[in-house]
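Chemist:
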Amino acid sequence: MSTATATHDDHHDHGPAKGLMRWVTTTNHKDIGTLYLLFALVMFFVGGAMAMVIRAELFQPGLQVVDPQFFNSMTTVHALVMIFGAVMPAFTGLANWLIPMMIGAPDMALPRMNNFSFWILPFAFSLLLSTFFMAGGGPAAGWTLYPPLSLQMGDGFPFMIFAIHLAGISSIMGSINIVVTILNMRAPGMTLMKMPLFVWTWLITAYLLIATMPVLAGAVTMLLTDKFAGTSFFSAAGGGDPVMYQHIFWFFGHPEVYILILPAFGIISAIVPTFARKPLFGYSSMVYATASIAFLSFIVWAHHMFTVGMPVVGELFFMYATMMIAVPTGVKVFNWVSTMWKGAMTFETPMLFAVGFIMMFTIGGFSGLMLAIAPADFQYHDTYFVVAHFHYVLVTGAIYSIMAATYYWLPKWTGNMYDEKLGKLHFWISTVSVNVLFFPQHFLGLAGMPRRIPDYSVQFTDWNVVSSIGGFVFGVSQLMFVWIIVKAIRGGEKASDQVWEGADGLEWTLPSPPPYHTFTEAPQVK
Amino acid sequence: MAHTNDHYYVPHGSHWPIVASVALTVGVVGAANWFNGNASGQAILYLGLAMVAFMMFGWFGTVINESLKGMYNEQVDRSFRQGMMWFIFSEVMFFAAFFGALFYARVLSVPWLLGEDLSTHQTLWSAFGENWPTNGPGNVGGDFQTIGAWGIPAINTLLLLTSGVTITLSHWALKANDKGKTVLWLIATVALGSVFLGFQAYEYVHAYSDLNLTLESGIYGSTFFMLTGFHGMHVTLGTIMLIVITIRAAKGHFSPEQHFAFEGVAWYWHFVDVVWLGLFIFVYVL
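As given, the protein sequences belong to chains A and B, one line each in that order.
Going by the numbering used here, 449 is the number at position 449 of the first sequence; the sequence numbering is gapless.
Going by the numbering used here, 70 is the number at position 70 of the second sequence; the sequence numbering is gapless.
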């Protein structure tokens with residue numbers, strides 16, 4: 001073997017190709033990571049603009065700004081764009097940039113497929129967004145696409161379904177690449193239990209993705225054939241059942257929730273020890289807790305459907321199983337707090353976002369526990385309480401972790417420190433406004449305001465006004481995030497290799513910015 | 001460590017992935033237009049499929065050339081193997097969605113409609129009394145008959161099981177460096193797969209023309225044709241893959257030590273075999 005490969009040029013040092021085609025044809029994990037992150041940032045603002053429309057409409061009772069059909073398509077596509085276009089690609093981008101550097105690999109295991117995974121996404125989301133310009137408008141049945149309502153969509157319907165298929169193909173290929181990279185490409189000495197937690201959480205996330213995205217593909221395929229090929233999967237007249245869709249969808253949908261948060265756990269587990277200047281408390285319990293959450297995520301799906309009609313035994317099973325997830329999640333929160341305990345703490349922007357994550361994600365976790373209680377859920381179901389709950393775990397959870405990660409690794413990626421003052425300002429404006437935005441939604445929900453409705457009864461006005469003001473401030477303040485990133489790319493104080501005093505791990509042994517190809521010779525890990 | 005001294009091959013710059021993305025997009029835009037009843041849809045779909053075929057020739061051709069030049073070391077080979085296994089796992093989960101629909105209908109929703117859940121039965125369809133196989137209280141698609149398990153489906157089971165044996169014999173021959181037998185047993189496998197597909201096509205024609213069993217025959221027709229249809233598509237794909245490796249084996253591309261493509265296709269073939277056993281039991285026998 002070695003005689004045959006000695007003649008190849010694949011390990012000669014060379015930089016990236018020039019021009020636009022560099023980005024179209026690249027197989028480099030850093031380039032692809034950058035593409036993913038930029039795509040996610042664009043989609044964050046596309047989805048954010050839709051959220052602004054929603055908050056503008058809800059600023060006052062009565063129909064004010066948009067018509068109800070369009071309002072419903074805003075809530076639907078806001079969710080699809082944020083979940084599949086912003087949060088998931090952002091995590092995949094982080095995985096691309098970081099996993100090979102963290103485990104001492106020369107690149108991802110399957111570099112061409114890596115490019116394919118990314119480049120499907122712009123096409124998939126173009127298809128999804130193009131439905132707004134078709135007869136019947138964009139999807140408006142909620143991101144869960146429950147039949148029979150979702151089947152009433154106009155010409156855009158098959159385009160939306162195929163957009164989901166394409167995004168799913170992208171996710172599955174990206175995940176296969178990540179699993180294979182982690183299992184096959186680690187440097188000598190990098191045993192599984194020495195891997196950084198970000199790598200661990202992504203390994204388990206990728207497994208969840210490979211297991212559940214095909215199920216979503218199956219579910220939306222059945223929608224497609226029910227609409228166009230005369231099948232009766234979700235029609236009781238033909239012996240099918242609309243509730244069957246909800247079971248299949250949530251068998252995907254609940255693990256998906258953990259897909260959106262497990263990598264965040266990995267990020268927080270990297271940042272907290274750095275700024276507490278202490279090793280992570282309870283490393284192995286973190287790994288086992290992540291695996292437990294992943295296992296439990298497969299047996300709790302019907303807690304999204306408590307009010308749909310289910311045998312009591314089913315309600316009880318899914319209630320208890322769901323509440324069990326609080327145990328491993330609690331282990332994680334206690335471990336982060338214990339890591340900070342008696343640490344030499346400093347609060348640079350990544351740490352601020354990480355601490356903000358721990359506090360506000362926990363609020364979202366607790367409201368989740370409230371929703372898990374089946375009899376109580378009959379009251380909360382489909383109200384703004386649910387909206388408040390999942391925005392606490394997704395905005396102040398997943399998105400805060402992505403912002404923390406951006407600030408934390410940006411100096412490594414660009415070689416320049418970001419503007420610390422602006423970063424802190426971004427954190428504080430975001431944190432105040434995001435709570436003004438989402439906390440009142442708990443009250444609205446408990447008082448009975450339903451979700452996905454463009455108009456509301458006048459007694460809900462005050463908190464909606466407050467929430468909308470918070471929303472506009474939060475939305476506009478994210479432009480700061482873009483400005484800080486642009487500024488750091490263009491210049492700034494040079495970052496050292498280690499960047500942060502307490503940072504530990506293989507990526508901090510590389511120069512900032514790292515060369516185009518890193519670890520072409522595998523490092524020895526002790 | 002099992003690592004060899006040479007470097008992990010990292011390809012530089014490939015235009016095949018972007019061709020693949022465009023091809024897929026053209027294909028689904030065509031299909032979506034076709035579903036919406038636009039006359040041009042079908043043509044665009046076929047254009048997309050042709051582009052996908054072109055892309056696969058190009059992409060796999062590049063990989064085969066690199067493999068023949070010996071650019072892939074043991075570690076790259078392992079990446080391919082693991083990637084293929086996870087791909088097959090994702091395929092298993094795709095079928096799981098449709099098997100899940102079948103089980104849900106048979107075990108839960110149809111019995112509920114029949115009266116196991118009194119309120120569902122009384123408020124929705126109190127006159128409904130037909131257990132599986134059913135096309136529902138609306139008699140959707142009209143009266144139909146089912147296909148018995150012990151005719152063609154049983155023969156098809158034997159055909160696929162036999163093909164699992166022949167591909168293993170081919171693998172043994174390959175490991176023994178016996179090119180003639182390798183190709184011979186591969187051809188036998190392709191033949192068995194093709195006969196299976198022929199029988200399956202005959203059965204579909206029979207179902208549509210004689211039994212009035214169609215995709216529109218309520219939940220029975222839906223699950224029957226979607227499960228067997230997707231399986232048939234996978235057998236078709238597997239047969240094409242087998243033909244490709246038969247040609248490659250004949251050209252002497254594989255050595256007893258390195259033949260990932262052969263093994264990947266063999267695993268895939270065993271996977272469609274196992275799915276069929278699930279189909280045979282849960283769709284035809286029970």
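From the three backbone atoms N, C-alpha and C, an ideal C-beta is built for every residue, glycine too.
The structure presented is a predicted model; accordingly, all values stated were derived computationally and were not measured.
Does B/Ser255 have its Cβ less than 7 Å from a Cβ in chain A?
Modeler: By 1-based counting over the second sequence, the position of residue 255 of chain B is 255. With 7 Å as the cut-off, B/Ser255 does not count as an interface residue toward chain A.
Chemist: For B/Phe280 and A/Trp301, what's the separation of their Cα atoms in angstroms?
Modeler: Counted from its first residue, the second sequence places residue 280 of chain B at position 280. Counted from its first residue, the first sequence places residue 301 of chain A at position 301. For B/Phe280 and A/Trp301, the distance between alpha carbons rounds to 29 Å.
Chemist: A/Arg112 versus chain B: which residues are under 7 Å apart at the beta carbon?
Modeler: The residue you call residue 112 of chain A lines up with position 112 of the first sequence. Going along chain B in sequence order, the residues near A/Arg112 (Cβ under 7 Å) are Pro11, Ser14, Trp16 and Pro17.
Chemist: State buried or exposed for A/Ser433, treating a residue as buried only when at least 16 other CB atoms are found within 10 Å of its CB.
Modeler: Counted from its first residue, the first sequence places residue 433 of chain A at position 433. Counting Cβ neighbours within 10 Å, A/Ser433 comes out buried, since at least 16 surround it.
Chemist: Count the other CB atoms, across all protein chains shown, that sit within 10 Å of the CB of A/Met21; report buried if there are 16 or more and exposed otherwise.
Modeler: Translated into positions along the first sequence, residue 21 of chain A becomes position 21. Per the 10 Å Cβ criterion, exposed.
Chemist: Can you find a CB in chain B that lies within less than 7 Å of the CB of A/Val313?
Modeler: If you number the first sequence from 1, residue 313 of chain A lands on position 313. Cβ-Cβ to chain B under 7 Å: no for A/Val313.
Chemist: Give the residues of chain B in contact with A/Ile172, contact being defined as C-beta atoms less than 7 Å apart.
Modeler: Position 172 of the first sequence holds residue 172 of chain A. Neighbours of A/Ile172 on chain B, chain order: Ser90.
Chemist: Should A/Asp31 be flagged as near chain B, meaning a C-beta pair shorter than 7 Å?
Modeler: In the first sequence, counting from the first residue as 1, residue 31 of chain A sits at position 31. Taking Cβ atoms only, chain B never reaches closer than 7 Å to A/Asp31, which makes this a no.
Chemist: Quick check: what's the CA-CA separation for A/Ala79 versus A/Met417?
Modeler: For the purposes of this step, residue 79 of chain A is taken as the residue at position 79 of the first sequence. For the purposes of this step, residue 417 of chain A is taken as the residue at position 417 of the first sequence. C-alpha separation (whole angstroms): 33 Å.
Chemist: Within 7 Å of any Cβ in chain D, is that where the Cβ of B/Phe35 sits?
Modeler: You won't find chain D in this structure, because its protein chains are A and B.
Chemist: Could you name the residues of the segment 124-156 of chain B whose beta carbon sits closer than 7 Å to any beta carbon of chain A, in the order they occur along the chain?
Modeler: Correct list: Leu124, Thr134, Asn135, Gly136, Pro137, Gly138 and Val140.
Chemist: Could you check what DSSP says for A/Asn416 in three-state terms: helix, strand or coil?
Modeler: Walking along the first sequence from the start, residue 416 of chain A turns up at place 416. Reduced to three states, the DSSP call for A/Asn416 is strand.
Chemist: Going by Cα to Cα distance, which pick from A/Ser235, A/Leu371 and A/Met286 is closest to A/Glu315?
Modeler: Working through the first sequence from its first residue, we reach residue 315 of chain A at position 315. Nearest of A/Ser235, A/Leu371 and A/Met286 to A/Glu315, Cα basis: A/Leu371.
Chemist: On the premise that A/Ile363 lies in contact with A/Leu410, defined as a C-beta separation below 8 Å, what is that separation, rounded to the nearest angstrom?
Modeler: Within the first sequence, the letter at position 410 stands for residue 410 of chain A. Within the first sequence, the letter at position 363 stands for residue 363 of chain A. In fact, because the Cβ distance is near 27 Å, the residues do not count as touching under 8 Å.
Chemist: Taking buried to mean at least 16 other C-beta atoms within 10 Å of its own C-beta, is B/Val165 buried or exposed?
Modeler: Position 165 of the second sequence, counted from the start, is the residue given in the question as residue 165 of chain B. By the 10 Å Cβ count, B/Val165 comes out exposed.
Chemist: In chain A, which residues lie with their C-beta within 8 Å of the C-beta of B/Glu263?
Modeler: Taking the first residue of the second sequence as 1, we reach residue 263 of chain B at position 263. The contacting residues do not exist; B/Glu263 stays about 16 Å from chain A at best.
Chemist: Return the residues of the segment 228-239 of chain A that lie within a Cβ-Cβ distance of less than 7 Å from chain B, sorted by chain order.
Modeler: Under the 7 Å Cβ criterion, the segment 228-239 of chain A contributes Phe228, Ala229, Gly230, Thr231, Ser232, Phe233, Ala236, Ala237, Gly238 and Gly239.
Chemist: Tell me whether A/Thr518 sits in a helix, a strand or coil according to DSSP, three-state version.
Modeler: In the first sequence, the residue the question calls residue 518 of chain A occupies position 518. A/Thr518 falls in the coil class under three-state DSSP.
Chemist: Can you find at least 3 beta carbon pairs, one from the segment 152-171 of chain A and one from the segment 123-135 of chain A, that sit closer than 8 Å?
Modeler: Contact holds: three or more Cβ-Cβ distances are below 8 Å.
Chemist: Counting only beta-carbon separations shorter than 7 Å, does A/Gly218 have a partner in chain B?
Modeler: Sequence index remark: in the first sequence, residue 218 of chain A carries index 218 (1-based). Yes, A/Gly218 lies at the interface with chain B (some Cβ there is under 7 Å from its Cβ).
Chemist: Across which residues does DSSP place A/Pro450 in a beta bridge pair?
Modeler: On the first sequence, position 450 is the one that residue 450 of chain A refers to. A/Thr383.
Chemist: Could you pull out every residue in the same chain whose Cβ sits closer than 6 Å to the Cβ of A/Ala236, ignoring the five residues on either side in sequence?
Modeler: Start at 1 with the first residue of the first sequence, and residue 236 of chain A comes out as number 236. Same-chain partners within the cutoff: there are none.
Chemist: Under 9 Å, CB to CB, which of the residues in the segment 208-224 of chain B have a partner in chain A?
Modeler: Taking 9 Å as the Cβ-Cβ cut-off against chain A, the residues of the segment 208-224 of chain B that qualify are Thr214, Leu215, Glu216, Ser217, Gly218, Ile219, Tyr220, Gly221, Ser222 and Thr223.
Chemist: Let me see if you follow: with CB-CB separation under 7 Å, is A/Thr25 close to chain B or not?
Modeler: One-based indexing of the first sequence puts residue 25 of chain A at position 25. It does: the Cβ of A/Thr25 has a partner Cβ on chain B nearer than 7 Å.
Chemist: Would the beta-carbon of A/Phe123 fall within 7 Å of that of B/Pro17?
Modeler: Position 123 of the first sequence holds residue 123 of chain A. Position 17 of the second sequence holds residue 17 of chain B. No, Cβ-Cβ distance for A/Phe123 and B/Pro17 is not below 7 Å.
Chemist: DSSP three-state label for A/Lys487, please.
Modeler: Sequence index remark: in the first sequence, residue 487 of chain A carries index 487 (1-based). In this structure, A/Lys487 counts as helix in the three-state DSSP scheme.
Chemist: Tell me which residue opens and which closes the alpha helix (DSSP H) that B/Pro133 is part of.
Modeler: Along the second sequence, one-based indexing puts residue 133 of chain B at 133. Segment: none, B/Pro133 is in no alpha helix (DSSP H) and carries neither H nor E.
Chemist: Under 8 Å, CB to CB, which of the residues in the segment 77-104 of chain A have a partner in chain B?
Modeler: So nothing in the stretch comes that close.
Chemist: Of the choices A/Met195, A/Asn96 and A/Phe265, whose alpha-carbon is the least far from that of A/Pro111?
Modeler: One-based indexing of the first sequence puts residue 111 of chain A at position 111. Nearest C-alpha to A/Pro111: A/Asn96.
Chemist: Cβ of B/Val110 within 6 Å of any heavy atom in the ligand SAH?
Modeler: Within the structure as shown, the ligand SAH is missing, as the structure has no ligands at all.
Chemist: Cutting at 7 Å between CB atoms, please list the residues of its own chain near B/Arg106, excluding the five before and the five after it.
Modeler: For the purposes of this step, residue 106 of chain B is taken as the residue at position 106 of the second sequence. Within the same chain, B/Arg106 has close Cβ partners Trp132.
Chemist: Evaluate the contact criterion for the segment 90-109 of chain A versus the segment 59-74 of chain A: three or more CB pairs, one atom per stretch, below 8 Å.
Modeler: Judged by Cβ distances under 8 Å, the segment 90-109 of chain A makes no contact with the segment 59-74 of chain A, as fewer than three pairs qualify.
Chemist: If the criterion is Cβ atoms closer than 7 Å, does the pair A/Gly47 and A/Met88 meet it?
Modeler: By 1-based counting over the first sequence, the position of residue 47 of chain A is 47. By 1-based counting over the first sequence, the position of residue 88 of chain A is 88. No, Cβ-Cβ distance for A/Gly47 and A/Met88 is not below 7 Å.
Chemist: Cβ of B/Trp267 within 7 Å of Cβ of B/Gly238?
Modeler: What you label residue 267 of chain B is simply residue 267 of the second sequence in a count that begins at 1. What you label residue 238 of chain B is simply residue 238 of the second sequence in a count that begins at 1. No; because the gap between Cβ atoms is not below 7 Å, this pair is not in contact.
Chemist: Roughly how many angstroms lie between the CA atoms of A/Met1 and B/Gly70, to the nearest whole one?
Modeler: Translated into the one-based positions of the first sequence, residue 1 of chain A becomes position 1. Translated into the one-based positions of the second sequence, residue 70 of chain B becomes position 70. With a pLDDT of 33 at A/Met1, under the threshold of 50, the predicted position of this residue should be treated as unreliable, and no value is reported.
Chemist: Any residues in the segment 152-185 of chain B with a beta carbon nearer than 7 Å to a beta carbon of chain A? Which ones, in chain order?
Modeler: Residues passing the 7 Å Cβ filter: none.
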